[in-house]
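Number of protein chains: 2
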Amino acid sequence: MEEKDIIQLFKTVAQNLPFYPFIKKGIEDDAAVLKFGDVYLLWTTDLFIENTHFRWEWMSPFALAYKALAVNISDIAAMGGKPLCFTISIGFPKEFSKNKLQEFLQSLKKTAQEYKLALIGGDTVESEKTVINISLLGTAPKGQIIFRSKAKVGDIICVSNYLGNAAAGLALLERGYNVEDTIFSSLINAQLFPKPEVSLGQYLAQTGLVHAMIDVSDGIASDLTWICLESGVGAEIYQEKLPISPACKEAAKRFKINLLQWVLSGGEDYCLLFTVPASEVEGLKKDIQKKLKKDIFIIGEITKGNKVYLISNGQKEDISQKGFSHFKDKRVWKN
Amino acid sequence: MEEKDIIQLFKTVAQNLPFYPFIKKGIEDDAAVLKFGDVYLLWTTDLFIENTHFRWEWMSPFALAYKALAVNISDIAAMGGKPLCFTISIGFPKEFSKNKLQEFLQSLKKTAQEYKLALIGGDTVESEKTVINISLLGTAPKGQIIFRSKAKVGDIICVSNYLGNAAAGLALLERGYNVEDTIFSSLINAQLFPKPEVSLGQYLAQTGLVHAMIDVSDGIASDLTWICLESGVGAEIYQEKLPISPACKEAAKRFKINLLQWVLSGGEDYCLLFTVPASEVEGLKKDIQKKLKKDIFIIGEITKGNKVYLISNGQKEDISQKGFSHFKDKRVWKN
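One line per chain: the protein sequences are A and B, in this order. Just so it is clear: in the first sequence, position 321 is 321 by the UniProt record's numbering, and no numbers are missing. Just so it is clear: in the second sequence, position 269 is 269 by the UniProt record's numbering, and no numbers are missing.
Put into structure tokens, the structure is as follows:
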């Protein structure tokens, strides 16, 4: 089974269950959207597992707490929302030291403070391997939530950061590199400390210009396929426009790894991938530069059809669903 | 570290984080309470892990989905609430068969339909061992939420079902018994298919008579200690009044296991443990018999102090915190 088939099975279950009018968006977006009174809530959850998402050989308790929270915050950012509060379920072995737990909690506190999050519940259990599940509630003003499903033919596709850095960082960590290797430190930091784009997400939502948005968790090949699937459109991205950092290129060269695979399918960059009308994109780019001191990168265009194509030297390759899949690929090498 | 010390560390983190006025109750109850507009939401989460909470040798995918959902529903019941919708994060090995997943999903659907729950999100990842985290939202009318913290000296302590059945069922399953062993089938069913007391919880909340409530997840010694801790009171329970099923007594005898340990510290019975004023308890008992066709059992009394005592043959034993602790005890024997 592939991950998308499993998700489809869960969707089928969801469709056969009770529906409540307060549910504005269910299983098919970065976060569910619930409406209570005049308040729109965004609800997301992410599971983080030892030897699937990380290995203790290269993950500190400090980085682990940060990242487990950051990937959830990123889901709220991808809807244009503001994160508010979370629960944490954690399973860890009996021999987990008090020091390790305290380092984990210190980082959890620091990260929650940085993003102004309240901790309101959780569960702690014993487990052979470390397991963390965070569930996060956010909010967004009415009419300012960005879904995956509203991309329109002719929209320009943008991303908010380099692609492939996190995947390159993972490859480095798995090879024993660490953040002190200065020429690669940006890559390792991209893997361990991805920055959820909350300010950008909220800014984009306020402009009302963005048609569809998702965060880059499984790589743009997969993440863009979700936008296309939910919006009933296709997409073309231009290889020469993909933003790739010099460090990422250097790492690919050094380890003789296919750079494009990191960039398209590596995932975990947790930047935003979004579509805007062609007439608005240049103005938006300038506004973001001015107000957020940040570049966004144009990488392609929404088209008719239902496939995601990579355009390179006049060639067109179907890359739909070529993103990271938990049940097809290995993120972390198994022992 | 013991579980209560770990929970204390998490509480300390929570106390140093932002507070929002919409948070009416945080980490110290069965579920968090959030208020948006006029709506009170109850939010709970539970982690369910292979070889900690169950083993595939005796847990079917059908029972697993049921129980993972039921334990969350029970948390909402323990606040007097009505469950509404949930997210599910699931990690399982690549070799998990499609049949197994479909059996799991069929049961998830059936259970969700029974309790009128919508499924609105989730996460699926690969994992060496099976891991499930469910996060559940419920609701309750204003003024009808029952906390752990309002028990008063002189209150009568009641439970809504036999104690120890689920622990006895676990011991049987671990010894290779199954549900076909008819004299023990009620015990095995209590372990695999605990019934969350949603109707009773809501009924008790509506009466306005209950001062404090919790569900029996770690055994009454521990669960009652939580009520005492949060309410600033003590408790005495009478050994001869503890409701114990004939099958449970028979199983303890056959396996030469300390019956009282199952009853006080086994946990997982997921019935309700609550306190009511002495003047109201007999009337309430009769009303519940009449309206819900159900017995409740008086087991003790709230006292001054901060300890939970077991009274037996005129002897008084401090049993505070003698419930199941993940980091002290083994629920499932490790391979």
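All C-beta atoms in this analysis are idealised placements derived from N, C-alpha and C, irrespective of residue type, glycine included.
(message) Strictly under 7 Å for the Cβ-Cβ distance: is B/T130 near chain A by that measure?
(response) Closer than 7 Å: no.
(request) Take A/S185 as the anchor and find which of A/G323, A/E250, A/L9 and A/K82 has the nearest alpha-carbon. (result) Comparing Cα-Cα distances from A/S185 to each of A/G323, A/E250, A/L9 and A/K82, the minimum goes to A/E250.
(message) Is there a Cβ of chain A sitting closer than 7 Å to that of B/E317, yes or no?
(response) B/E317 does not count as touching chain A.
(request) Tell me whether B/Q102 is buried or exposed, calling it buried when 16 or more other Cβ atoms sit within 10 Å of its Cβ. (result) Exposed: under 16 other Cβ atoms inside 10 Å.
(message) Please identify, using Cβ separations under 7 Å, the residues of the UniProt domain "PurM-like C-terminal" (153-311) of chain B that lie next to chain A, in order along the chain.
(response) The UniProt domain "PurM-like C-terminal" (153-311) of chain B vs chain A, Cβ under 7 Å: nothing.
(request) Mind listing the chain A neighbours of B/Q113? Cutoff is C-beta to C-beta under 8 Å, in chain order. (result) Below the 8 Å Cβ cutoff, chain A contributes N16, L17 and P18 as neighbours of B/Q113, in chain order.
(message) Quick test of your reading: A/F324 and A/G266, contact by CB under 8 Å. State the CB separation rounded to the nearest angstrom.
(response) Beta-carbon to beta-carbon, A/F324 and A/G266 are separated by about 7 Å, close enough to satisfy the 8 Å threshold.
(request) Under 8 Å Cβ to Cβ from A/W226, same chain only, skipping five residues before and after it: list those, please. (result) Contacts found: R148 and I214.
(message) Give me, in chain order, the residues of the same chain whose beta-carbon lies closer than 8 Å to that of B/E50; leave out the 5 immediate sequence neighbours on both sides.
(response) Only W56, K129, T130 and V131 meet the Cβ criterion.
(request) Go through its chain and collect everything with a Cβ distance to B/E180's Cβ below 6 Å, but skip five positions before and after it. (result) Within the same chain, B/E180 has no close Cβ partners at all.
(request) Output, in chain order, the set of chain B residues within a Cβ distance shorter than 8 Å of A/I146. (result) Simply none; closest approach about 17 Å.
(message) Would B/G91 pass as an interface residue toward chain A - the criterion being a Cβ-Cβ separation below 7 Å?
(response) With 7 Å as the cut-off, B/G91 counts as an interface residue toward chain A.
(request) Please report the residue range of the alpha helix (DSSP H) in which residue 338 of chain B lies. (result) The structure shown does not extend to residue 338 of chain B, since chain B is modelled only from 1 to 335, so the question has no answer here.
(request) Mind listing the chain A neighbours of B/S149? Cutoff is C-beta to C-beta under 8 Å, in chain order. (result) Within 8 Å Cβ-Cβ: nothing; B/S149 doesn't reach chain A, min ~15 Å.
(message) Does the CB of A/E57 have a neighbour CB from chain B at under 7 Å?
(response) Residue contact with chain B for A/E57: absent (no Cβ-Cβ distance below 7 Å to any residue of chain B).
(request) Give a yes or no on whether 7 Å exceeds the smallest Cβ distance from A/D30 to chain B. (result) By this cut-off, A/D30 is not an interface position.
(message) So for B/E95, helix, strand or coil by DSSP?
(response) In this structure, DSSP gives B/E95 a state outside helix and strand, which the three-state scheme calls coil.
(request) Check B/S265 in the structure and name its three-state DSSP category. (result) Three-state result, B/S265: helix.
(message) Quick check: the segment 261-279 of chain A against the segment 216-233 of chain A, are at least 3 beta-carbon pairs closer than 8 Å?
(response) In short, these stretches touch, since the Cβ pair count reaches three.
(message) Per the DSSP calculation, A/D215 is bridged to which residue(s)?
(response) Note: A/D215 sits in a beta bridge opposite A/L272.
(request) Could you tell me if A/E268 is buried or exposed, where buried requires 16 or more neighbouring beta carbons within 10 angstroms of its beta carbon? (result) Result: buried.
(message) According to DSSP, is A/Y66 part of a helix, a strand, or is it coil?
(response) Of the three classes helix, strand and coil, the one that applies to A/Y66 here is helix, per DSSP.
(message) Based on DSSP bridge pairs, tell me the residues matched to A/F54.
(response) Among the bridge pairs identified by DSSP, A/F54 is matched with A/E50.
(message) Quick check on DSSP: helix, strand or coil for B/G283?
(response) In the three-state reduction of the DSSP assignment, B/G283 falls in the helix class.
(message) Just to confirm before moving on: does the CB-CB distance between A/V39 and B/F36 stay below 7 Å?
(response) Yes.
(message) Give me the chain E residues within the contact set of B/A118, using Cβ-Cβ distance strictly less than 8 Å, ordered along the chain.
(response) Within the model displayed, chain E is absent; protein chains A and B are what it includes.
(message) To the nearest angstrom, how far is the alpha carbon of A/K94 from that of A/D123?
(response) Going from the Cα of A/K94 to the Cα of A/D123 covers about 15 Å.
(request) Using beta-carbon positions only, say whether A/N16 and B/K109 come within less than 7 Å of one another. (result) Between A/N16 and B/K109, the C-beta gap is smaller than 7 Å, which places the two residues in contact.
(request) Give the C-beta separation of A/L42 and A/M79 to the nearest angstrom, bearing in mind that I take them to be a contact with Cβ-Cβ under 8 Å. (result) Confirmed, Cβ separation roughly 5 Å.
(request) Can you give me the Cβ contacts of B/N178 inside the same chain, cut-off strictly under 8 Å, excluding the 5 residues immediately before and after it? (result) Excluding positions up to five away in sequence, the list reads W58 and I188.
(request) Can you check DSSP and say which residues form a bridge with A/N133? (result) Answer is A/L47 and A/S89.
(message) Check whether the segment 296-311 of chain A and the segment 238-245 of chain A are in contact - that is, three or more C-beta pairs closer than 8 Å.
(response) Yes, the segment 296-311 of chain A is in contact with the segment 238-245 of chain A.
(message) Please classify A/I183 as buried or exposed, where buried requires at least 16 neighbouring CB atoms within 10 angstroms.
(response) The residue in question, A/I183, is exposed, as its Cβ has fewer than 16 Cβ neighbours within 10 Å.
(message) According to DSSP, simplified to helix, strand and coil, what is B/S325?
(response) DSSP, read as helix, strand or coil, puts B/S325 in coil.
(message) Using a 10 Å radius around the Cβ and a threshold of 16 neighbouring Cβ atoms, would you call B/T12 buried or exposed?
(response) That one is exposed.
(message) Taking the straight line between their C-alpha atoms, what separation do you get for A/T45 and B/Q315?
(response) A/T45 and B/Q315 have their alpha carbons spaced roughly 49 Å apart.
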